[in-house]
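Counting with the numbering used here, you get residues 9 to 285 for the letters of the sequence shown.
Heads up, the beta-carbon is just placed ideally off N, CA and C, and yes, glycines get one too.
All figures in this text were calculated on a predicted structure; none of them were measured in a lab.
Below is one structure, written out as structure tokens; comments come after it.
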Amino acid sequence: MPKGESEATAASTSEKAPCANVTPKLELRHVSQRYTGARGETLALDGMDLCVAPGESVAILGPSGCGKSTSLLAACGLQRPTGGSVFVDGEPVESPRLETALILQDFGLMPWKTVEQNAALGLQVRRLPKKERMKRAHDALRRVGLGDFFRSYPAELSGGMRQRLAMARALACDIDLLLMDEPLSALDALLREEMQNMLKRCWIDQGYAQVLVTHSIEEAVFLGQRVVVMSARPGRIVYELANGEMVDPSWRDDPLYFERCRLLRDVLRSKEGVLDA
9 MPKGESEATA ASTSEKAPCA NVTPKLELRH VSQRYTGARG ETLALDGMDL
59 CVAPGESVAI LGPSGCGKST SLLAACGLQR PTGGSVFVDG EPVESPRLET
109 ALILQDFGLM PWKTVEQNAA LGLQVRRLPK KERMKRAHDA LRRVGLGDFF
159 RSYPAELSGG MRQRLAMARA LACDIDLLLM DEPLSALDAL LREEMQNMLK
209 RCWIDQGYAQ VLVTHSIEEA VFLGQRVVVM SARPGRIVYE LANGEMVDPS
259 WRDDPLYFER CRLLRDVLRS KEGVLDA
């Protein structure tokens with residue numbers, strides 16, 4: 009066991025369970041996912057259990073191919089698992105819901121639509137009147153610092169601005185659950201930190217639950233109130249770390265932040281089956 013792991017585990021178990029006495033915002037219950045292809049059958053997820061409380065921020069770490077992204081597709085209703093069940097607010101998820109937003113690595117923007125049109129896409133699906141759509145889209149764009157770019161196109165934006173646009177599209181819809189699949193992976197280090205700060209501010213201000221899939225230990229510790237570690241394929245959760253101190257404005261400079269990063273790095277290196285051989 010890595011130095012410090014026993015202390016961290018004790019700290020986690022001493023805190024109140026995240027979904028104790030409350031209906032989970034998101035629950036993956038014994039979720040498995042199999043794919044059949046030219047090389048035969050692949051088991052991507054194997055009995056994954058995850059509970060996310062209302063307003064909680066959870067970060068998922070794990071090796072490539074362990075099913076992290078697959079778990080998000082199941083959580084948002086885009087892919088039905090081959091085993092187990094997914095629930096939001098205690099109700100089974102069988103199709104996408106309007107109050108859940110998914111931000112992918114490529115942001116899922118429509119290149120032929122303007123910034124304001126992209127921000128209003130979710131509202132168009134809800135069939136809101138155009139005037140209300142534009143007002144809510146503009147408010148969300150201003151919130152993420154894109155108030156001067158309503159009529160621009162995604163190709164005219166930097167990587168960080170495109171990430172902000174994807175975030176504005178989610179915020180415009182008054183979501184209660186945000187799922188993110190490595191949304192900052194293509195950004196340079198300084199811009200990535202700036203975007204992490206923005207994601208944290210939006211989460212604190214809006215109060216939605218969020219799940220972030222990332223390969224970055226530092227990002228997981230900065231954005232996750234709880235960090236879960238998945239094994240190599242077939243994926244399952246093998247470790248959890250309580251990280252409630254991340255709400256502190258000075259968290260990135262806190263010695264405990266660096267200690268948590270070191271601890272998780274040791275866990276990823278030592279846990280059986282977490283890292284590919």
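Buried or exposed: residue i, going by 16 or more other Cβ atoms within 10 Å of its Cβ?
i    : result
N251 : buried
T108 : buried
W211 : buried
A285 : Bear in mind that the predicted position of A285 carries a pLDDT of just 33, short of 50, making it too unreliable to give a figure here.
F266 : exposed
K139 : exposed
L106 : exposed
D213 : exposed
Q204 : buried
A197 : exposed
A46  : exposed
R177 : buried
S166 : exposed
R268 : buried
P26  : buried
G75  : buried
K11  : Confidence in K11 is poor, its pLDDT being 46 and thus under 50, which makes the residue's placement unreliable; the coordinate value appears in the next sentence. With fewer than 16 other Cβ atoms within 10 Å, it is exposed.
Looking at the secondary structure, which residues open and close the alpha helix (DSSP H) in which residue i lies?
i    : result
V237 : From DSSP, V237 is part of no alpha helix (DSSP H) but of the beta strand (DSSP E) over 234-238.
H146 : 138-151
C210 : 197-214
G5   : The question about residue 5 has no answer here: the residues shown for the chain are numbered 9 through 285.
A105 : A small correction: the amino acid at residue 105 is Arg; Ala does not occupy that position in the sequence shown. Careful: R105 lies outside any alpha helix (DSSP H) and carries neither H nor E.
P119 : Looking at the DSSP string, P119 is not in any alpha helix (DSSP H), and its letter there is neither H nor E.
F230 : 225-231
E267 : 263-278
G75  : Where G75 is concerned, there is no enclosing alpha helix (DSSP H), given that its DSSP letter is neither H nor E.
L154 : No alpha helix (DSSP H) holds L154; DSSP gives it neither H nor E.
G130 : 129-133
Taking C-alpha atoms, which residue in the options lies nearest to residue i?
i    : options                : result
P89  : T78, G98, M142         : T78
R151 : I68, G167, A127, E64   : A127
E201 : A228, P104, G70, D182  : A228
N29  : A46, E49, A61, D261    : A61
A67  : G155, R273, R234       : R234
P71  : V96, D256, Q132, P242  : P242
D156 : V133, E124, A46        : E124
T122 : L187, R105, V94, A174  : A174
H223 : M238, R170, V101       : M238
V219 : N205, V236, R177, D213 : V236
L117 : D256, L136, R170       : R170
Y216 : E35, G63, G55          : G63
I225 : V133, L271, F95        : L271
I183 : L195, L231, G130       : G130
Start and end of the beta strand (DSSP E) containing residue i?
i    : result
L249 : 245-250
L110 : 108-111
On the DSSP bridge assignment, give the partners of residue i in chain order.
i    : result
E49  : T44
Q218 : S65, L186
L36  : L58, V94
P162 : Bridge partners of P162: none, in fact.
L99  : A small fix is needed here, since residue 99 is Glu in this sequence, not Leu. V96.
Report task. Say whether the segment 235-250 touches the segment 181-201, bearing in mind that this needs 3 or more beta-carbon pairs closer than 8 Å, one atom from each stretch. Result -> no
Query raised in the report: Does the segment 89-100 come close enough to the segment 37-47 that 3 or more CB-CB pairs lie under 8 Å?
Result: Of all C-beta pairs linking the segment 37-47 to the segment 89-100, three or more are shorter than 8 Å, placing the two stretches in contact.
Requested in this report: Examine the Cβ distances between the segment 69-84 and the segment 97-111 and report whether three or more of them are shorter than 8 Å.
Outcome: yes
Query raised in the report: Would you call the segment 125-145 and the segment 162-180 in contact, with 3 or more CB pairs under 8 Å?
Result: yes
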